[in-house]
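K.L.:
2 protein chains.
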Amino acid sequence: MDERAALALLADELEYAGDDAAVVDDLVVTTDMLHETTDFPAGTTRYTAGWRAVGASLSDVAAMGAEAVVAVAAYAAPEFDGEDLLAFVRGARDVCDLVGADYVGGDLDGHDEFTVTTTAIGRLENDPVPRSGATRGDLLCVTGTLGRSAAALEYFALAQDGGGGGDEGKDEGKDENNNERANELFQFEPRIEAGRALAPHATAMMDSSDGLARSLHQLGEASGCGFEVDASHVPIAESLRDVTETADEALERATTFGEDFELVVTIPEGALEAVRKATPVPISVLGSVVPHEDGITMDGEPLPDRGFTHG
Amino acid sequence: MDERAALALLADELEYAGDDAAVVDDLVVTTDMLHETTDFPAGTTRYTAGWRAVGASLSDVAAMGAEAVVAVAAYAAPEFDGEDLLAFVRGARDVCDLVGADYVGGDLDGHDEFTVTTTAIGRLENDPVPRSGATRGDLLCVTGTLGRSAAALEYFALAQDGGGGGDEGKDEGKDENNNERANELFQFEPRIEAGRALAPHATAMMDSSDGLARSLHQLGEASGCGFEVDASHVPIAESLRDVTETADEALERATTFGEDFELVVTIPEGALEAVRKATPVPISVLGSVVPHEDGITMDGEPLPDRGFTHG
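Right, dumping it as structure tokens:
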């Protein structure tokens, strides 16, 4: 049984399954486990790992339209290196500070693989924004840009491969720069503020952690709708353009790679101006909500359900 | 660096470190990672694992004197067996139901070892009960009995060893009974209701998950006090007496084994009657709070800081 089949099985048992975070009273709660081999490429610093792991959970809180209150992490590693541990905690705390949440530590644990579970808790002022409310005619929008994480992976790979040939000292410096750039791209701002600004208008929302294409399939399934996307409106990150050779390649990676933690959201057409005024990051209009039978298309072609499958 | 040294290092970084759960506004939050090899003996059913993992986090909420609101779990296993998964979820949900919390699922994840991280969130009506408020002359009390988990381990071991010699069929039946008994003992009631009843009176409180002896050392360090314990007042579980040969052995296991998730609490002497009336489980008075320089003693002998070190 794969993860999606298992989730489907549990949907019958757990009434809260199937959104970015669970809602209980005015609280939203979300938890995620990450592993070194699947989630932290070689070269990821512990500071970046702390930032990213906690940031991913905060992004789920953002996708519900909630305020971020607190995050915890359970940190497991083969040994507790003081510097590693402090770097992780500082990364976790810095991303929390950025969105006004408290990072309060958690559990330490011995384990053969570096493994982190983060949990974030948010508080709702309005109703939570579900995945299921997208309505025909709504605008399909996304915050920020897509492709930063895909670009980061390229820089991690470059840093690991090394220069090859030429002056060794120079190549080492280059590797270090590439690794630094990768870590920088891997740190992202969870869209808490944007989520709260979007919440009063949004009919459906989720984060783009599985990639835009997969997110649209998930929103489409939850809302019983299709989407038409204009490829020229997909906001491709500059950093991704820098590491891809063609515009098609960049578009492909921007739509399917995922791990960008932007918000994918549907809003009534009339709300766009208000949303843009209230939201601190750029909002791109990718297209619109269409009937379910029209499917999910980009420039008239089916956009398949491909994307990042979280390990 | 071991876990305790690492925790000490982090105490400077995290103002919330060092209690059973962190407090943010009126919320308490706690997270724990558990692994098959260190936390779930062979024979532990997934139902029991779900119960126990979530129960351990709920116990931390109880130790703060808070109401239990919601729990989540991240569940990682080499493969997703539908029956295993449902059993886990049912165990998790049943222990939540028992204390009035919502179990809302969480994350599924592939991993080489069965690993679970649970997070529980509680809400405070009063101030949280810290570990640091024990005052000279206070009574030292514990809820329920100690030794159920130690007894469970004996039954697990018996079931695994098999009968040895004699009729095989009969021994298999015996193994099954021992395993069932072990699982039953491994399921415990988190002391949420007791914690809330104790909270208005308690000067210091924590759960006994590291064993009574270690808990007293931790409370003593946090409160700057010592304790004198009367061995004859330690409430030893019947199930532990059944599997130990001498009273001394039973006492030793009851004070050092841990994993029982009872509440260790100090209260002013005058509050005992009110506490006993309000608390739904028996409260044993083990002894009293003494000056720090008198140390931690049982029947006049030093009670060393030995106990369960969580992996």
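From first to last, the protein sequence lines stand for chains F and W.
Here the first sequence is numbered in the working numbering, starting from 78 and rising by one per residue.
Here the second sequence is numbered in the working numbering, starting from 78 and rising by one per residue.
Ideal Cβ positions, reconstructed from N, Cα and C, are used throughout, including at glycine.
Computed from a predicted structure; not experimentally measured.
(1) Check whether the Cβ atoms of P345 of chain F and D204 of chain F lie closer than 8 Å to each other.
(2) Is the CB of A153 of chain W under 8 Å away from at least one CB in chain F?
(3) Threshold first: 3 residues or longer. Then list the beta strand (DSSP E) segments lying entirely within the stretch 90-126 of chain F, N to C.
(4) Between which two residues does the beta strand (DSSP E) carrying D179 of chain F extend?
(5) Any beta-carbon of chain W closer than 8 Å to the one on V149 of chain F?
(6) My guess is that G288 of chain F and F334 of chain F are in contact by the Cβ rule of under 8 Å, so how many angstroms apart are they, rounded?
(7) Using the beta-carbon count (16 or more within 10 Å), is A85 of chain W buried or exposed?
(8) Going along chain W, which residues have a C-beta under 8 Å from F157 of chain F?
(9) With respect to the alpha helix (DSSP H) encompassing G272 of chain F, which residues constitute its N-terminal and C-terminal limits?
(10) Based on DSSP bridge pairs, tell me the residues matched to A154 of chain F.
(11) Can you have a look at P379 of chain W and say buried or exposed, based on whether 16 or more other CB atoms are within 10 angstroms of its CB?
(12) For S361 of chain F and A308 of chain F, what's the separation of their Cα atoms in angstroms?
(13) For T196 of chain W, does the count of other Cβ atoms within 10 angstroms reach 16, so buried, or fall short, so exposed?
(14) Are F165 of chain F and R200 of chain F touching if we call contact CB-CB under 8 Å?
(15) Taking Cβ-Cβ distances shorter than 7 Å, what residues in chain W pair up with P179 of chain F?
(16) Answer with yes or no whether the minimum CB distance from G272 of chain F to chain W is below 8 Å.
(17) From W:D161, W:A169, W:E315 and W:P207, pick the residue whose C-alpha is nearest to that of L225 of chain W; which is it?
(18) Are there three or more Cβ pairs, one per stretch, closer than 8 Å when the stretch 142-159 of chain W is compared with the stretch 169-177 of chain W?
(19) Any heavy atom of the ligand NAP closer than 7 Å to the Cβ of P267 of chain W?
(20) Can you tell me which of the three DSSP states E322 of chain W falls into?
(21) Alpha carbon to alpha carbon, how far is K251 of chain W from A236 of chain W?
(22) Quick one: complete beta strand (DSSP E) runs, 3+ long, within the stretch 197-243 of chain F?
(23) So, with DSSP's three-state summary, where would you put V176 of chain F?
(24) Residues of chain F with a CB under 8 Å from the CB of T125 of chain W: which are they?
(25) So is L104 of chain W in contact with chain F if we call contact Cβ pairs under 8 Å?
(26) Quick check on the burial criterion: 16 or more other C-beta atoms within 10 angstroms. Buried or exposed for G159 of chain F?
(27) For E156 of chain W, collect the residues of the same chain with a Cβ closer than 8 Å to its Cβ; drop the 5 residues on either side in sequence, then sort them by chain order.
(28) Compare the Cα-Cα distances from A153 of chain F to each of F:E190, F:T332 and F:S292 and report the closest residue.
(29) Determine the closest residue to E266 of chain W out of W:T107, W:R129 and W:E113, with distance taken between C-alpha atoms.
(30) How far does the beta strand (DSSP E) with G364 of chain F in it reach, from first residue to last?
(31) Counting only beta-carbon separations shorter than 8 Å, does R122 of chain F have a partner in chain W?
(32) Per the DSSP calculation, L293 of chain F is bridged to which residue(s)?
(33) Give a yes or no on whether the minimum CB-CB distance between M110 of chain W and chain F is below 8 Å.
(34) Step through the CB atoms of chain F and report whether any lies within less than 8 Å of the CB of D204 of chain W.
(35) Mind checking if I269 of chain F is an interface residue toward chain W, Cβ cutoff 8 Å exclusive?
(36) If we count the other Cβ atoms within 10 Å of its Cβ and call it buried at 16 or more, is R256 of chain F buried or exposed?
P.N.:
According to the structure shown:
(1) Locating residue 345 of chain F in the first sequence gives position 268, counting from the first residue. Locating residue 204 of chain F in the first sequence gives position 127, counting from the first residue. No. Outside cutoff.
(2) On the second sequence, residue 153 of chain W is found 76 positions in, with the first residue counted as 1. A153 of chain W counts as touching chain F.
(3) 99-101 and 104-112
(4) By 1-based counting over the first sequence, the position of residue 179 of chain F is 102. It spans D179 to G187 - the beta strand (DSSP E) in which D179 of chain F sits, taken as one unbroken run.
(5) Translated into positions along the first sequence, residue 149 of chain F becomes position 72. Output row for V149 of chain F: interface = yes.
(6) In the first sequence, counting from the first residue as 1, residue 288 of chain F sits at position 211. In the first sequence, counting from the first residue as 1, residue 334 of chain F sits at position 257. With a Cβ gap of about 6 Å, G288 of chain F and F334 of chain F count as contacting.
(7) Position 8 of the second sequence, counted from the first residue, corresponds to residue 85 of chain W. That one is exposed.
(8) Translated into positions along the first sequence, residue 157 of chain F becomes position 80. Residues of chain W passing the Cβ test: M78, D79, E80, A82 and A83.
(9) Walking along the first sequence from the start, residue 272 of chain F turns up at place 195. I269 to L275 is the extent of the alpha helix (DSSP H) around G272 of chain F.
(10) Position 77 of the first sequence, counting from 1, holds the residue named residue 154 of chain F. According to DSSP, which records beta bridges pairwise, A154 of chain F is partnered with F:G187.
(11) As a first step, residue 379 of chain W must be located in the second sequence, where it is residue number 302. The residue in question, P379 of chain W, is exposed, as its Cβ has fewer than 16 Cβ neighbours within 10 Å.
(12) Counted from its first residue, the first sequence places residue 361 of chain F at position 284. Counted from its first residue, the first sequence places residue 308 of chain F at position 231. Cα-Cα distance, rounded: 12 Å.
(13) In the second sequence, counting from the first residue as 1, residue 196 of chain W sits at position 119. When all chains shown are included, T196 of chain W counts as buried.
(14) For the purposes of this step, residue 165 of chain F is taken as the residue at position 88 of the first sequence. For the purposes of this step, residue 200 of chain F is taken as the residue at position 123 of the first sequence. Not a contact, by the Cβ cut-off of 8 Å.
(15) Working through the first sequence from its first residue, we reach residue 179 of chain F at position 102. Note that residue 179 of chain F is Asp in the sequence shown here, rather than Pro. The answer, in chain order, is V101.
(16) Numbered from 1 along the first sequence, position 195 holds the residue referred to as residue 272 of chain F. It does not; no Cβ of chain W falls within 8 Å.
(17) For this step, residue 225 of chain W is matched to residue 148 along the second sequence. Before going further, note that residue 225 of chain W is Arg rather than Leu in the sequence given. Cα-wise, what sits closest to R225 of chain W is W:E315.
(18) yes
(19) Inclusion of the ligand NAP in the displayed structure is not the case, the ligand content being empty and no account of it being possible.
(20) Residue 322 of chain W sits at position 245 when you count from the first residue of the second sequence. E322 of chain W: coil per DSSP, three-state reduction.
(21) Within the second sequence, the letter at position 174 stands for residue 251 of chain W. Within the second sequence, the letter at position 159 stands for residue 236 of chain W. Approximately 7 Å between the Cα atoms of the pair.
(22) 216-220
(23) Looking up residue 176 of chain F in the first sequence gives position 99. Note: V176 of chain F maps to helix in three-state DSSP.
(24) For the purposes of this step, residue 125 of chain W is taken as residue 48 along the second sequence, with counting starting at 1. Within chain F, no residue comes near T125 of chain W; the closest Cβ sits about 17 Å away, beyond 8 Å.
(25) The count along the second sequence starts at 1 and reaches residue 104 of chain W at position 27. It does: the Cβ of L104 of chain W has a partner Cβ on chain F nearer than 8 Å.
(26) Residue numbering aside, residue 159 of chain F sits at position 82 when the first sequence is read from its first letter. Exposed.
(27) To locate residue 156 of chain W, count along the second sequence from 1; it is residue 79. Excluding sequence neighbours, E156 of chain W sits near G187.
(28) By one-based count along the first sequence, residue 153 of chain F stands at place 76. Of the candidates F:E190, F:T332 and F:S292, the one whose C-alpha sits nearest the C-alpha of A153 of chain F is F:E190.
(29) Here residue 266 of chain W refers to the residue found at position 189 of the second sequence. Residue W:R129 is the option with its Cα nearest to E266 of chain W.
(30) As a position in the first sequence, residue 364 of chain F is number 287, starting the count at 1. Looking at the DSSP string, the run of the beta strand (DSSP E) that includes G364 of chain F is I360 to P368.
(31) For this step, residue 122 of chain F is matched to residue 45 along the first sequence. It is worth fixing the name first, because residue 122 of chain F is Thr in this sequence and not Arg. Chain W, which has no Cβ nearer than 8 Å to the Cβ of T122 of chain F, makes this no.
(32) As a first step, residue 293 of chain F must be located in the first sequence, where it is residue number 216. Answer by DSSP bridge pairing: none, since L293 of chain F is not bridged.
(33) Taking the first residue of the second sequence as position 1, residue 110 of chain W is located at position 33. So, interface residue.
(34) Within the second sequence, numbered from 1, the residue matching residue 204 of chain W stands at position 127. No - not a single Cβ of chain F is within 8 Å of the one on D204 of chain W.
(35) For the purposes of this step, residue 269 of chain F is identified with residue 192 of the first sequence, where counting begins at 1. Chain W, which has no Cβ nearer than 8 Å to the Cβ of I269 of chain F, makes this no.
(36) Mapped onto the first sequence, residue 256 of chain F falls at position 179. It should be noted that the sequence gives Asn, not Arg, for residue 256 of chain F. Flag for N256 of chain F reads buried.
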